[in-house]
Amino acid sequence: MQKLHDKYWQQVEEQIANLEGKLMDVTRIYHEFICTDGEEGVKEIERMNAGSYDVVKNMVKKGAKLMAAESVELLGEFMDWNKCLSAGISSQKVITKVYEFYNEALKSREEWIRKGIDLTLGEDEFGLLVMRENNKIQFPSNVEVFYVAPPSLDEIKRWVRDKKSSMPQTPKKEEKTAARKPAAKKTTTKKTTEK
237 MQKLHDKYWQ QVEEQIANLE GKLMDVTRIY HEFICTDGEE GVKEIERMNA
287 GSYDVVKNMV KKGAKLMAAE SVELLGEFMD WNKCLSAGIS SQKVITKVYE
337 FYNEALKSRE EWIRKGIDLT LGEDEFGLLV MRENNKIQFP SNVEVFYVAP
387 PSLDEIKRWV RDKKSSMPQT PKKEEKTAAR KPAAKKTTTK KTTEK
């Protein structure tokens, strides 16, 4: 997986360099989970052990500025609701409520990122947003968006899918016998063909 991870980020860097060659150099970088500008933000990316660290570091060396993409408060709220979702809640009503709050926090967070980019990215600048796939950020019509999705992204998705399918399924908890209706007997017919 590490080899695939490294290949992905190398291809990301190549695709960005290709865009820079056609347009202009990246002038501003926005990275999800990063709440501070400049060198301190770059250090945060390094501490996160994000694969994007080398890409961001190299662009900053070339003169790009790392901008704070996140609000500390909104990011904290989003992360807390995310933890709640993974807490193994058994009540469907509670899961539904937590998911509602999670979605509200996600929308607020994405809106904050959108506004931050809109306020700080100049008209003749080229910005880079490093963020998860399938975000719902809607940029103004005067912003031209290019998605960077290297070929190795499909390989990573396939690897994840294969790993998930090879994991043993956890059996569902058995229902109490008194609460179940007796199952109707089913007969199965086996079809055979003779040669």
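First residue of the sequence shown? That's 237 in this note's numbering, and the numbers climb one at a time after it. For each residue, glycine too, the CB sits at the ideal point set by N, CA and C. Computed from a prediction, not measured in an experiment: that's the story for all the values here.
Contact under 8 Å by Cβ, residue i with residue j
| i | j | result |
| --- | --- | --- |
| Asp273 | Ala323 | no |
| Ile349 | Ile373 | yes |
| Glu280 | Met367 | no |
| Ser377 | Lys243 | no |
Same chain, Cβ closer than 6 Å to residue i, neighbours up to 5 away in sequence not counted
| i | result |
| --- | --- |
| Ala341 | Glu313, Phe314, Trp317 |
Cα-Cα separation, residue i to residue j
| i | j | result |
| --- | --- | --- |
| Leu240 | Glu361 | 32 Å |
| Thr238 | Met284 | A small fix is needed here, since residue 238 is Gln in this sequence, not Thr. Taking the straight line from one Cα to the other gives about 16 Å. |
| Lys297 | Ser401 | 42 Å |
| Ala300 | Glu275 | 11 Å |
| Gln246 | Ser288 | 10 Å |
| Asp354 | Ile325 | 38 Å |
| Ala286 | Lys333 | 31 Å |
| Ser344 | Leu302 | 21 Å |
| Leu255 | Glu282 | 25 Å |
| Asp358 | Glu369 | For the record, residue 358 in the displayed sequence is Gly; it is not Asp. Their Cα atoms are separated by approximately 24 Å. |
| Arg397 | Asp390 | 10 Å |
| Met403 | Asp290 | 32 Å |
Residues of its chain near residue i, where Cβ-Cβ distance is below 7 Å and the 5 sequence neighbours each way are ignored
| i | result |
| --- | --- |
| Gln251 | Val384, Pro386 |
| Met293 | One point to set straight first is that residue 293 is Lys, not Met, in the sequence displayed. Here the set comprises Val278. |
| Leu259 | Phe362 |
| Asn371 | Glu346 |
Residue i: first and last residue of the uninterrupted beta strand (DSSP E) it sits in
| i | result |
| --- | --- |
| Tyr335 | Tyr335 -> not in any beta strand (DSSP E); alpha helix (DSSP H) instead, spanning 328-356. |
| Ile325 | Here Ile325 belongs to no beta strand (DSSP E), and DSSP marks it neither H nor E. |
| Lys301 | 301-303 |
CA nearest to the CA of residue i, picked from the options
| i | options | result |
| --- | --- | --- |
| Lys351 | Glu256, Asp290, Thr332, Val379 | Val379 |
| Cys320 | Leu310, Ala253, Ile331 | Ile331 |
| Thr356 | Ile265, Asp261, Ala253 | Ile265 |
| Glu346 | Tyr244, Ser307, Glu359 | Ser307 |
| Gly363 | Lys243, Met295, Val396 | Met295 |
| Cys271 | Glu309, Glu369, Ser327 | Glu309 |
Residue i: first and last residue of the uninterrupted alpha helix (DSSP H) it sits in
| i | result |
| --- | --- |
| Val296 | 289-297 |
| Val366 | Looking at the DSSP string, Val366 is not in any alpha helix (DSSP H); the run it does join, the beta strand (DSSP E), is 363-366. |
| Ile281 | 274-283 |
| Met315 | 308-321 |
| Tyr244 | 238-258 |
| Ile265 | Counting along the chain, Ile265 falls outside any alpha helix (DSSP H), though it belongs to the beta strand (DSSP E) covering 264-267. |
| Val396 | 388-402 |
Proximal residues to residue i (C-beta, below 8 Å), its chain only, five neighbours per side dropped
| i | result |
| --- | --- |
| Phe375 | Arg350, Ile353, Asp354, Val381 |
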